[in-house]
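Beneath this line is the structure, given in structure tokens, with notes to follow.
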Amino acid sequence: MNTSRKLTMARAISEAIAQEIERDDRVFVMGEDVGIYGGIFSATAGLYEKFGPEQVMDTPISETGFIGAALGLAMEGMRPIVELMFVDFFGVCMDQIYNHIAKNIYFSGGNVRVPLVLMTATGGGYNDAGQHSQCLWGTFAHLPGLKVVIPSTPFDAKGLMISAIRDDNPVIYMFHKGLMGLGWMTLIKDTTGPVPEEPYTIPFGRADIKREGNDVTIISVSMGVYQSLEAAKELERAGISAEVIDLRTLVPLDRETIAESVKKTRRVLVVDEDYLSYGMTGEIAATVMELAFDYLDAPVKRLAVPDVPIPYSRPLEQFVLPSAPKIVEAVKELLYS
Amino acid sequence: MNTSRKLTMARAISEAIAQEIERDDRVFVMGEDVGIYGGIFSATAGLYEKFGPEQVMDTPISETGFIGAALGLAMEGMRPIVELMFVDFFGVCMDQIYNHIAKNIYFSGGNVRVPLVLMTATGGGYNDAGQHSQCLWGTFAHLPGLKVVIPSTPFDAKGLMISAIRDDNPVIYMFHKGLMGLGWMTLIKDTTGPVPEEPYTIPFGRADIKREGNDVTIISVSMGVYQSLEAAKELERAGISAEVIDLRTLVPLDRETIAESVKKTRRVLVVDEDYLSYGMTGEIAATVMELAFDYLDAPVKRLAVPDVPIPYSRPLEQFVLPSAPKIVEAVKELLYS
Amino acid sequence: MSIPRPKLLEMYRDMVTIRLYEETMAEAYLEGKQPVFNIAAGPVPGEMHLAAGQEPVAVGVCAHLRNDDAVVGTHRPHHFAIAKGVDLRKMTAEIFGKVTGLGRGKGGHMHLFDPDVHFSCSGIVGAGIPQAVGAALAFKKRNEDHVAVAFFGEGAANQGAFHEGLNLAALWRLPVIFVVEDNSYAISVPKSASTPIATNADRAAAYGIPGVYVDDNDVLAVYETAGEAVARARGGEGPTLIEVKTHRYFGHFQGDPEVYRPKDEVAQLKANDPIKRFREYLVQSSPDSTNPEADIVQMETEARQRVEDAFAFARESDYPAPEEALLHVFVD
Amino acid sequence: MSIPRPKLLEMYRDMVTIRLYEETMAEAYLEGKQPVFNIAAGPVPGEMHLAAGQEPVAVGVCAHLRNDDAVVGTHRPHHFAIAKGVDLRKMTAEIFGKVTGLGRGKGGHMHLFDPDVHFSCSGIVGAGIPQAVGAALAFKKRNEDHVAVAFFGEGAANQGAFHEGLNLAALWRLPVIFVVEDNSYAISVPKSASTPIATNADRAAAYGIPGVYVDDNDVLAVYETAGEAVARARGGEGPTLIEVKTHRYFGHFQGDPEVYRPKDEVAQLKANDPIKRFREYLVQSSPDSTNPEADIVQMETEARQRVEDAFAFARESDYPAPEEALLHVFVD
Ligand SMILES: Cc1ncc(C[n+]2csc(CCOP(=O)(O)OP(=O)(O)O)c2C)c(N)n1
Ligand SMILES: Cc1ncc(C[n+]2csc(CCOP(=O)(O)OP(=O)(O)O)c2C)c(N)n1
Ligand SMILES: [Mg+2]
Ligand SMILES: [Mg+2]
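Structure representation (structure tokens):
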């Protein structure tokens with residue numbers, strides 16, 4: 001595959017959707033402002049112009065209605081991609097998501113298929129306060145029946161989206177606003193990345209080692225991967241070689257990659273922009289202990305939002321969100337104390 | 001306090017509510033079928049007869065409506081206890097619960113109070129299938145802003161309910177259907193227990209050692225505590241002395257009691273009727289590792305629902321739920337392998 | 001409206017099937033639960049919501065439906081399922097928790113999925129409404145003239161999902177029929193304590209669609225109203241909201257102490273039983289004056305045989321292996 | 001209806017305050033965001049939803065309210081807050097993320113809580129509706145004659161919370177007024193693409209309550225309609241649903257490319273600006289024929305001073321200490 005072309009994550013996602021709509025006429029997108037607006041975070045930019053209102057449907061502000069409808073569509077053989085504008089809004093439609101979309105296959109003993117992608121925006125760091133800045137992947141990963149997909153690069157975003165659309169199971173696809181490469185949200189300097197033109201898939205349940213290292217394993221997803229890579233560079237200057245694992249999917253979880261890395265480095269930091277307790281960091285810590293207890297030189301360390309809603313004001317928000325400097329500090333504590 | 005009187009958990013709860021309504025005229029109950037029916041799981045039995053429809057309000061099937069209303073009531077100085085019939089239904093009203101009830105205090109910088117108890121039924125084991133048998137406390141404990149209270153005995157139920165009502169913060173109070181002492185649900189043989197007549201409180205964040213032991217610590221809540229105690233008896237016959245910790249509240253979490261016990265026993269099993277991954281067992285395992293890494297003789301072991309929806313059919317459901325025999329087996333594996 | 005007698009007999013047979021099914025289920029449900037009622041005991045454990053008395057709604061509507069039309073039912077789903085033609089053996093086996101069931105024992109009574117006849121249901125009040133809307137959208141997108149039907153109780157009409165679903169259907173002019181069963185109660189709460197207006201049919205005005213209240217628990221009245229709605233839907237004219245006054249003979253679920261309703265209410269209702277009335281009509285309108293009951297009795301026999309066969313199948317089937325619990329979270 | 005001039009002037013002052021506030025905020029918001037717009041930059045980061053053009057709704061309704069009446073606003077909350085009398089300094093400080101703000105910087109522009117005047121709001125569309133219902137229920141339970149008002153957009157009228165909230169309020173005859181701001185759009189989606197009927201006021205029929213559509217963005221028309229609704233509510237006669245045709249001058253949020261509406265739409269709307277119209281009315285109806293603008297200008301001066309003072313206060317205030325982020329999840 002030719003990977004000389006660079007795209008933003010937003011363009012990688014919309015290209016994946018466009019290619020799948022072209023390949024399979026059961027595929028289409030629906031959601032609030034996905035049409036002429038192109039999606040508030042541009043995940044559907046250009047699609048309306050290309051495919052029109054049948055394949056790119058704007059909806060009223062009725063998440064229970066249209067996400068429930070997406071389930072009916074999927075069970076009747078369509079393959080909807082439905083956007084929940086911010087993951088923070090899941091509370092108005094969670095019943096459809098986790099009591100129905102996530103469970104109908106099981107209830108039917110595998111007799112129905114639910115080929116549905118629930119695409120949603122996550123993450124903070126731009127002062128949008130506590131109802132517009134959450135990650136919440138821990139919440140979805142805790143409840144069985146959804147595959148939980150979280151891309152961190154444009155390359156992964158495209159391949160994982162195509163895999164999600166082709167999957168006969170429901171997938172929640174969680175992109176980070178700060179990684180989309182939006183001109184108006186310059187959180188990450190260089191969010192464009194190489195993306196092949198042709199369609200390709202990335203299997204779920206395969207973590208990606210975004211950087212190899214020997215002294216410590218940093219495990220994360222999404223924005224946390226970027227911050228970890230930044231921290232790894234800084235750590236390298238201090239003579240510490242950090243391996244950075246991007247889980248890419250929380251369900252299914254790639255235990256093997258984690259185990260192998262930990263057996264090599266013997267120290268683990270888990271970085272998460274979701275809330276600290278009862279979430280991803282706890283699960284990964286417990287998993288590491290189960291898989292590699294005898295190899296661990298220190299307890300698994302966790303860096304996440306310290307169980308407070310995301311505050312609005314800049315100094316407050318920066319205080320609670322993970323960052324490269326905090327990762328550096330945490331790794332140093334892990335290694336030297 | 002005189003503890004010679006024995007009550008079911010259902011009666012302990014309704015007594016707590018009655019005493020608080022009598023003490024404070026801002027306290028009242030609302031929910032579906034809480035009136036003449038007395039609550040589907042009898043948590044409000046007898047209250048309608050005693051206090052009438054103003055203090056014991058039946059509602060339409062409009063959980064977003066009446067739970068959102070409970071927030072408005074609380075912010076205007078009332079102290080509602082609102083019943084969500086099964087916790088499984090949270091998806092139709094989660095936005096009010098976690099984006100508003102749980103966050104308004106924080107958003108206001110502590111300038112508003114939200115004295116509200118969200119009471120809800122949890123648990124399976126009686127073949128009510130995947131939308132009526134969940135525990136989901138992991139979900140609530142992951143999201144900041146709610147105190148998460150889970151009684152396992154009638155005594156705890158009354159004291160924790162009174163504490164919940166008197167708290168100026170929102171509390172989710174999760175009782176287990178199988179522990180309520182309902183005549184028509186004989187899951188647990190002896191669910192009555194001593195309950196003093198006078199009102200009393202139990203502070204949140206204090207785990208209760210329901211049984212002392214030296215060889216292993218079993219940490220659980222709710223039905224899991226009963227099963228652990230049963231298992232402990234069985235283990236005693238095999239010469240294993242098990243300590244059983246009832247966390248009672250997941251938020252706040254009593255780290256000290258956990259740490260002390262683990263330092264003594266050096267081995268930990270966490271038992272949870274909620275889903276395995278990204279939930280309570282992961283958090284407790286991670287916490288144990290953080291607090292007592294050097295004391296651990298083996299990785300923390302976890303017994304929970306193996307990431308499948310709760311199936312209907314008896315052999316299937318029994319296969320996925322924790323039970324005393326499974327706890328015995330898990331402890332033996334923990335000790336001997 | 002003149003309905004051919006074979007069609008009438010079919011409807012009668014389905015109503016009788018439903019009634020017998022529910023009565024048979026009520027007995028099976030009690031097995032193992034006496035002398036002490038224990039919800040978890042017996043061959044049919046868990047909650048059990050029966051629909052005896054509500055046959056006219058299910059049958060009067062589904063008589064218009066074809067195999068490819070979709071139906072979404074509720075926590076009280078048997079009458080809808082039977083009227084829609086769900087495989088009765090597999091459905092019963094599911095309710096008995098057997099591996100031969102529709103969901104291999106994973107779903108149970110509130111979770112019956114039969115994709116062959118496009119039937120599904122849910123234990124969450126109101127949740128099926130948007131799902132039926134989605135099915136209708138699928139049909140419209142594919143230019144098929146199928147319709148979708150969402151059945152739900154008068155209590156469900158106070159859920160947000162009702163509003164969102166009806167709004168979408170009206171906005172997009174979808175081929176969907178919303179059918180409210182007004183059986184007076186949502187568990188213990190009477191309609192007057194949950195809905196400030198007399199009929200939910202009037203709520204159609206909020207969406208600019210037709211709303212019809214059928215104030216009699218009569219299968220022919222339902223059939224006629226539903227016929228118009230289905231024709232509108234198939235003709236691309238959009239959704240209809242229908243509410244039918246009906247009656248539930250059993251408690252909300254089996255074991256319901258029913259403290260909330262007069263002791264003699266059900267007995268009074270049964271005096272005007274819709275199956276009895278329909279039977280009288282069939283007798284009176286019989287073309288065979290010497291033996292006007294002959295074809296009727298045949299239907300009753302058929303119904304009985306189907307029900308007996310289904311329960312026998314369910315009882316004889318095996319339970320799933322316990323480890324099957326781990327399968328089917330996802331399809332391959 | 002004859003309104004005393006001091007009251008009219010007060011309303012005028014509040015409308016001007018709102019307009020100036022929003023315009024001043026629009027400028028402050030751009031600070032640090034030029035030449036490249038970056039939502040996270042400047043003294044006022046994050047999303048910013050402004051309500052210029054929608055003053056008549058907030059002011060026409062709140063002119064009837066007392067301190068103890070409750071108001072729940074939306075993601076676009078400034079006009080409601082100002083009309084309800086929220087402390088302007090603390091509100092502005094909150095939006096600047098300062099420790100002197102209403103929420104010590106934790107909430108920001110979409111989360112303004114002023115318990116002193118019973119004001120709250122939320123960034124979740126439709127969520128405030130049931131909360132206002134709850135406030136009204138508190139008043140009714142305590143036999144107080146306070147009322148609650150829920151403001152929300154025409155887009156929010158398609159949320160389930162709308163249906164559930166109105167149903168409860170009507171059922172329990174609560175003192176609450178539901179006010180829909182029909183500003184034609186929900187972000188990019190026009191009303192015609194979200195609501196199948198012309199006016200949400202007609203949805204009142206679904207709850208058996210009065211529904212009124214005010215089809216002109218005119219503060220006196222709103223005032224009159226709201227007056228009746230508030231009187232009904234205080235008199236124990238239950239809720240009212242009001243929809244007002246209004247106009248949003250800015251984009252949905254600052255930075256909105258507004259590809260979805262005609263370039264000249266706003267200019268045309270401004271030709272019929274409600275503040276301008278109200279000012280003309282005040283001039284014409286002035287008792288002081290020699291200097292009919294005197295009291296009007298005084299109001300404008302007051303408004304300007306209040307806004308300037310609030311922004312100055314906000315700018316001069318300190319940020320909270322970073323560790324304050326850990327406080328106030330719970331009260332003690
Ligand atoms: C969202 C939700 N809330 C509450 C329940 C509990 N519940 C199950 S059935 C029922 C009553 C339903 O009444 P109605 O819609 O009239 O249907 P009916 O039982 O009369 O057929 C209730 C409250 C539920 N299953 N889902
Ligand atoms: C439940 C929910 N869905 C979607 C959004 C995103 N959103 C914020 S404002 C808005 C449009 C609201 O339109 P309307 O109610 O008409 O109010 P307006 O913005 O026009 O004042 C949307 C879709 C949200 N905040 N909450
Ligand atoms: Mg009913
Ligand atoms: Mg609008």
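Chains as they are written, first to last, in this note's numbering: chain A, 1 to 337; chain B, 1 to 337; chain C, 1 to 332; chain D, 1 to 332.
Glycine included, each C-beta is placed from N, C-alpha and C at the ideal position.
On a predicted model such as this, the values are computed, not experimentally measured, just so you know.
Confirm, please, whether the CB-CB distance from residue j to residue i is below 9 Å.
i	j	result
D:Thr100	D:Phe311	no
B:Pro154	B:Gly181	yes
D:Asp295	D:Leu9	yes
A:Ser313	D:Gly60	no
B:Ala292	B:Ala330	no
B:Ser261	B:Ile150	no
D:Ile275	D:Val230	no
D:Glu243	D:Val180	yes
B:Ile202	B:Asp246	no
B:Leu276	B:Thr217	no
Could you tell me if residue i is buried or exposed, where buried requires 16 or more neighbouring beta carbons within 10 angstroms of its beta carbon?
i	result
B:Tyr336	exposed
B:Pro53	exposed
A:Lys177	buried
C:Ser192	exposed
B:Ser152	buried
A:Gly239	exposed
D:Pro45	buried
D:Gly203	In the sequence as displayed, the identity of residue 203 of chain D is Arg instead of Gly. Buried is the call here.
C:Ala391	A query on residue 391 of chain C cannot be resolved here, the shown segment of chain C reaching from 1 to 332 and no further.
D:Lys90	buried
To the nearest angstrom, how far is the alpha carbon of residue i from that of residue j?
i	j	result
A:Met185	B:Cys93	32 Å
C:Asp145	D:Phe80	48 Å
C:Thr290	C:Tyr281	16 Å
B:Val320	C:Ala198	46 Å
A:Glu256	B:Glu236	37 Å
C:Glu237	C:Trp172	10 Å
B:Ile310	A:Lys147	18 Å
Given residue i, which residues of its chain have a CB within under 7 Å of its CB, disregarding the five upstream and five downstream residues?
i	result
D:Ala359	Nothing in the structure corresponds to residue 359 of chain D, since chain D is present only between 1 and 332.
B:Lys50	Ala18
Given residue i, which residues of its chain have a CB within under 6 Å of its CB, disregarding the five upstream and five downstream residues?
i	result
B:Ile13	Ala43, Ala157 and Met161
D:Gln254	Tyr29 and Met48
By Cβ distance, which residues of its chain are closer than 8 Å to residue i, with the 5 residues on each side in sequence left out?
i	result
C:His328	Arg104 and Lys106
D:Pro257	Gly251
ask   = What beta strand (DSSP E) runs, 3 residues minimum, are completely inside the stretch 126-171 of chain A?
value = 147-149
key: Every unbroken alpha helix (DSSP H) within the stretch 91-125 of chain A, with a cutoff of 4 residues, ordered by chain   = 104-107
task = Counting only runs of 4+ residues fully inside the stretch 203-258 of chain A, write out the alpha helix (DSSP H) ranges in chain order.
result = 223-237
task = Report the residue ranges of all beta strand (DSSP E) runs contained in full by the stretch 144-190 of chain C; include only those spanning at least 3 residues, in chain order.
result = 148-153 and 176-182
request  = May I have a chain-ordered list of the beta strand (DSSP E) segments no shorter than 3 residues that lie completely inside the stretch 189-223 of chain C?
outcome  = 211-214
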